[in-house]
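K.L.:
Counting from -1, one number per residue, gives the positions in the sequence shown under the numbering used here.
Positions of the beta carbon are idealized from the N, C-alpha and C atoms, including for glycine.
Because the structure is a prediction, the values reported are computed rather than measured.
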Amino acid sequence: MNRPLLSIRKASEHNLKDVDLDIPHGCLVAFCGVSGSGKSSLAFGTIYAEARRRFLLTLESLSPAAVRGLRAPRVEEISGLAPAIAIDQDRGRQSPRATVATLAGLYDFLRVLFARVGQPLCPACGSPVNCHRFEEVYETVCGLPEGTRILVLAPQRVGPDGGPDGAGVSGVGGSKRVSAAQDRR
Ligand SMILES: [Zn+2]
């Protein structure tokens, strides 16, 4: 299979000596070598630095001074460069659930994206889940036959001491009131 390549020609950042390299996209690639052999100079100082520089140059809000401050890495040519994310090595201990997305801060944007653009579907019947106005809910409930059991759920407000704040928020089933629980203390 012919993958597009990230091609680097004559990289000479820091201690790199005119390194030519083709890296296939869509693969997990590791740079190995003894300390000081230029792994970081290649990954961070060349590939990521150039990707970041190209990204920043697309921003219209960048001031001319900031543009002049963007030094290009010492490399003759880089082609096939995709948008890049760099995660440095000294980030301390991360939670086992940490991913590239959480470490890079992308996860929060993804959550917003899915919340805004996604259409939630009912897992049982597949119909779209929508917001209902109060009037719609009221009319639906009033149209049910007499004696129908319904379940009313609401978030329970919690006061600063960790207990209920007595604001009269109802619990499950509309039968238990938070304020009633507070009276017994
Ligand atoms: Zn359903």
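Using the beta-carbon of each residue, find all residues closer than 6 angstroms to any heavy atom of ligand 1 and list them in chain order.
P.N.:
C120, A122, C123, S125
K.L.:
Please name the residue in H12, C30, C25 whose C-alpha comes closest to that of G43.
P.N.:
H12
K.L.:
Determine the DSSP secondary structure at I45, reduced to helix, strand or coil.
P.N.:
helix
K.L.:
Between the region 48 to 60 and the region 78 to 89, do at least 3 Cβ pairs fall closer than 8 angstroms?
P.N.:
Yes, the region 48 to 60 is in contact with the region 78 to 89.
K.L.:
Alpha carbon to alpha carbon, how far is T146 from L26? Give it in angstroms, no decimals.
P.N.:
58 angstroms
K.L.:
Under three-state DSSP, which class holds A178?
P.N.:
Interpretation of A178 is limited by its pLDDT of 38, a score under 50 that renders its predicted location unreliable; the figure taken from the coordinates is listed afterwards. In the structure shown, A178 sits in a helix (DSSP, three-state: H, G or I).
K.L.:
If you compare alpha carbons, which of L40, A70, V32 is closest to F53?
P.N.:
A70
K.L.:
Return yes when the Cβ of L40 is within less than 9 angstroms of the Cβ of V17, no when it is not.
P.N.:
yes
K.L.:
Let's test the definition: count the other Cβ atoms within 10 Å of the Cβ of I148 and tell me whether it reaches 16, buried, or not, exposed.
P.N.:
exposed
K.L.:
Straight-line CA distance for V127 to G103?
P.N.:
28 angstroms
K.L.:
Out of curiosity, what's the CA-to-CA distance linking I45 and F107?
P.N.:
Linking I45 to F107 through their CA atoms gives a straight-line distance of about 24 angstroms.
K.L.:
Determine the direct distance from the alpha carbon of H23 to that of G157, and round the result to whole angstroms.
P.N.:
Here the alpha carbons of H23 and G157 stand approximately 52 angstroms from one another.
K.L.:
Within 10 angstroms of its Cβ, does G171 collect 16 or more other Cβ (buried), or is it exposed?
P.N.:
Below a pLDDT of 50, predicted positions are generally treated as unreliable, and G171, at 42, falls in that range; the measurement from the model is reported next regardless. Answer is exposed; the Cβ neighbour count stays below 16.
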